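Reading through the structure tokens given below for one structure.
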Amino acid sequence: MKINKGLSTYAGMLALAGGLLAAGNVQAQSEATECIAPAKPGGGYDLTCRLAANGLEKTGMIDKPMAVSYMPGGIGAVAYNHVNGVRDSDPNLIVAASTGAAVNLALGKFGQYDADDVRWLGALGVDYGAIVVNADAPWQSLDELMEDLKANPGDIAFGAGGTVGSQDWMKAALTAKAADLSPRKLKYVSFEGGGEALAALLGDHIQVFTGDLSELKSQLESGKIRVLASLSEERMGGPYADIPTAAEQGYDVQWPIWRGYYMGPNVSDEAYQKWVDRMSQLAQSKEFAELRKDRGLFPMSRFGPEFNDYVLEQVDQFESLANEVGLKQ
Amino acid sequence: MFDFLIHGFDVALSPLNLGLALLGALLGTLFGALPGIGPINGIAILMPLAYTLGLPAESALILLAAIYTGAEYGGRMSSILLNVPGDAGAVMTTLDGHPLAKKGLAGPALGLSAVSSFVGATIAIIGLTLFAPLLAEVAVMFGPAEFFALMVFAFASMSVMMGKDPVKTAIGAVLGILIGTVGVDSSTGVLRYTFGLPELYDGIDFVVMIIGLFAISEILLMLEHANRKDGNDGLPPLGRVFVSLKEVLACKWTMGRSGLIGFIIGILPGTGASVGGAVAYTTEKRLSDKDNSFGTGNMRGLAAPEAANNASAVGSFVPMLTLGIPGSGTTAVLLGALMLYNITPGPMMFSERPEVAGGLIASLYIGNIVLLALNLPLAGVFARVLTIPRWVLVPGIAILAFVGVFQLHSNLAAIYLMLIIGVFGYLLRKLGFSLAPVILGYVLGGLMEQNLRRALSISGGDLGILWQSGISLGLWIAALALLLLPWLLPKLWQAKTSKA
């Protein structure tokens, strides 16, 4: 009897875990919507999917909760191939993407498929790059850093959370270019994620961190870092109001990190338009503005063909930069 | 100065939060016990739920932190009972935990590991309460060069595991390092050993690696002996169920030392419970393995990694709470959860949101006691899992793992890869290799390479950076001592005695 009791406890626990897993991955039925996060749970793509899922549900634009599923692999390449090869016409499926995906497309890292092989749907939010130094660093403005960088490029190590060629590196490379320094001469150290790079900055192991504005909030408050420039078109509000843009300091560097979605290449025009309408309506709602703000994102509203063109143009730009520095294989 | 903690206990002892801590402890134990889920995924799956339920920030954080610490308790179960680590921190637990179960001591092994986990976590929580801001300053002193030296030290300490068959241990570690190199190279973005398959770009996932190497190979071994009559692989009948006080007391210094080691390693960003467990185990073997019985079911060999992995898990809260920098993959996900609540961790959090910082730390104290209370009596129940025939149990675990891995990848390639690694693990076992060095090589090798390359790109290729700071120099000396002393000491001893 005792054994049976033990067994049933164990079986009950397994059933509970199974139920939890199932709840996380409700298989899409014909009318149920799904968002694929092309990464493991918990990262930026997860956040992007949940932004759409929570927003659409809260505003009542979908009646069943949107399923979020995970498809890590190849920094998004596995999902990109999947949507091109398997679920190419699913009218209820959207996939999370970001500036990082555009960079990888430009570098030809998504295999045989190009940027125009999917239907780009739209972006619901954006973050901006930032040039960050330790609060004890000698540079008070972007200009001072740039002058020093021109004189002694070997003494200033840049670091961020991605590899050479990633979107994090692009921020550093464009900054170097704005100082007329070849990105190939730039000292760049890649870390696993922005957190590790930030730790290295605080410990004075690197001198400049090219991060994203939203991840800097707590350090800004604690006064341990100095943000020399935000890579946005104009100054951002709230806690970032005192941070000048690179442009106003005379350096033409902008780096928006949009968070958006694409759909399969053979999705019908009606289904695509339905999603475009849904997303643009969502972007205008008040509830959604709250959700977006909670996730540290700034507003961005580009949908449908306008967004499609925006992404394709961006991929072209990145491609020429990659060619210029000899990154493209 | 400890106002925040008193306030925190006020928060954590409210009925809702106490209930959530209990629920989290239970769920976490379960997530840790089931190979393939682990704390990161458990938290990532439950985080949206907590948010949707409208729990206040401190309650959500208490729930998620209880899951995290619970998972470190749970991870040991399948390590001890099935020789399959439930999560990353529990790899070293298999080394002595499973042999104990094979001797019929599964119950005492589970009990002892619960006590060790409790002691390790308690040391770390006290450390967190007293010294968090100070320790955070030390943690950022670890740059790439210091991390590289730490990894050299970790590999040097692995030399004590070489035991009977040093060549096979070394080969195993190198194989692990090789497997770790698959994927996008983390500094240049160049693809390594991916054979044009995008599924391999991100490298070989830890869960895929562990399940394949341990669980699948176990099934293959069982298939080989399928025609054996007894379903239990000749396991002796379960002996006594509870651990004796004498056994616990015999390990008190082991737990203390290992808890401290685990805590210190946990504080460093980027190193997790797996590194903490490995260093604690090898240190303990060096210090207290007089009769060379580590690896054959030594109680100390079980207590050391268990105390250390729980201490590491708590330690990784230090950089998260004080600097807003995640100390491990799991705290990175927790940080995301805090962001949803518009809370920015950092030094300001203790003064601006004391109910969150204090509530979390207080809930760690409470959760830890709850977990001990939950796990000690349950040891007997869980030990009975071994009375289920293994041909039911291990495939059952494998099916759960398959479902878990598919859930996280939505892709069959991960399943195939797991099977291939399983066959590889089976071959290694048939050839008499131990699997722990392979896993350690896989985990430490990647960290070592990345940090070496980071250090060299900072210095512009000058090797001097690797031993420039006091910390790295100290680690180098310690590593050298570890390698040379066992060889030198007997000679010195001989010289001394012959003189006299």
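If you're matching them up, the sequences are chains H and W in order. Counting with the UniProt record's numbering, you get residues 1 to 329 for the letters of the first sequence. Counting with the UniProt record's numbering, you get residues 1 to 500 for the letters of the second sequence. Quick reminder that beta carbons are idealized off the backbone N, C-alpha and C, glycines included. Here the structure is a predicted model, which means the values were calculated and not measured.
Secondary structure of Ile131(H) (DSSP, three-state): strand. Residue pairing by DSSP puts Ala229(H) in a beta bridge opposite Ile131(H). Non-local beta-carbon contacts of Ala332(W) in its own chain, meaning distances under 7 Å to residues more than five positions away in sequence, involve Pro326 in chain order. Any Cβ of chain W closer than 8 Å to the Cβ of Ala199(H) would place that residue at the interface, and such an atom is present.
Residue Val241(W) holds the alpha-carbon nearest to the alpha-carbon of Gly104(W) among Val241(W), Arg390(W), Phe9(W). About 19 Å separates the Cβ atoms of Ile369(W) and Gly256(W), ruling out a contact at the 8 Å cut-off. Any Cβ of chain H closer than 8 Å to the Cβ of Val275(W) would place that residue at the interface, and such an atom is absent. Under DSSP, Glu313(H) forms no beta bridge with any residue.
Between Ala114(W) and Leu376(W), the C-beta spacing is below 8 Å.
Using a C-beta cut-off of 8 Å, the segment 64-73 of chain H makes no contact with the segment 285-296 of chain H, since fewer than three inter-stretch Cβ pairs fall below that distance.
Secondary structure at Tyr426(W): helix, using DSSP grouped into helix, strand and coil.
By the C-beta criterion, the segment 399-407 of chain W is judged not to be in contact with the segment 89-97 of chain W, since fewer than 3 inter-stretch pairs fall below 8 Å. At a cut-off of 8 Å between beta carbons, Leu105(W) makes no contact with chain H. Proximity of chain H to Asn342(W) at the Cβ level (cut-off 7 Å) is accounted for by Asp294, in chain order. The C-beta of Lys40(H) has 16 or more other C-beta atoms within 10 Å across all chains shown, which makes the residue buried.
Setting aside the 5 residues that flank it on each side, Leu231(H) is surrounded in the same chain by Tyr128, Gly129, Ala246, Val253, Gln254, Trp255, each with a C-beta closer than 6 Å to its C-beta; the list follows chain order. Taking 4 residues as the minimum length, the alpha helix (DSSP H) runs contained wholly in the segment 277-328 of chain H are 286-294, 304-324, in order along the chain. Secondary structure of Trp258(H) (DSSP, three-state): strand. Judged by DSSP in its simplified three-state form, Met66(H) adopts coil rather than helix or strand.
The beta-carbon distance between Ala308(W) and Ser258(W), rounded to whole angstroms, is 4 Å. This is short enough to meet the 8 Å contact definition. Here Leu5(W) is not near Ala132(W), since their CB atoms are 8 Å or more apart. Interface residue (Cβ-Cβ distance to chain H less than 8 Å): Asp165(W) is not classified as such. By the Cβ neighbour-count rule, Phe195(W) is exposed, with fewer than 16 other Cβ atoms within 10 Å of its own. With a contact defined as Cβ atoms closer than 8 Å, Gly212(W) and Val182(W) miss out at about 13 Å.
Taking the CA atoms as reference points, Ala304(W) sits about 40 Å from Leu197(W).
The shortest CA-to-CA distance from Lys168(W) to any of Leu435(W), Ile261(W), Ala149(W) is the one to Leu435(W). Scanning its chain for C-beta atoms nearer than 6 Å, with the 5 sequence neighbours on each side dropped, one finds around Met47(W) the residues Ala337, in chain order. Within the DSSP bridge table, the entry for Met263(H) names Arg119(H) as partners. Sixteen is the threshold: since fewer than 16 other Cβ atoms of the shown chains lie within 10 Å of the Cβ of Asp155(H), the residue is exposed.
Residue state for Gly32(W) is assigned as helix, using DSSP reduced to three classes. Here DSSP, grouped into helix, strand and coil, assigns Glu192(H) to coil. Sequence-distant partners of Arg302(H) (beyond 5 residues in either direction) whose C-beta falls short of 7 Å from its own C-beta, in its chain, are Gly122, Ala123, Tyr310. For Tyr240(H), no Cβ of chain W is located within less than 8 Å of the residue's own Cβ. Here DSSP, grouped into helix, strand and coil, assigns Phe110(H) to coil. Each residue's CA atom was taken as its position, placing Phe155(W) and Ile62(H) some 54 Å apart.
Here Val275(W) is not near Ser157(W), since their CB atoms are 8 Å or more apart.
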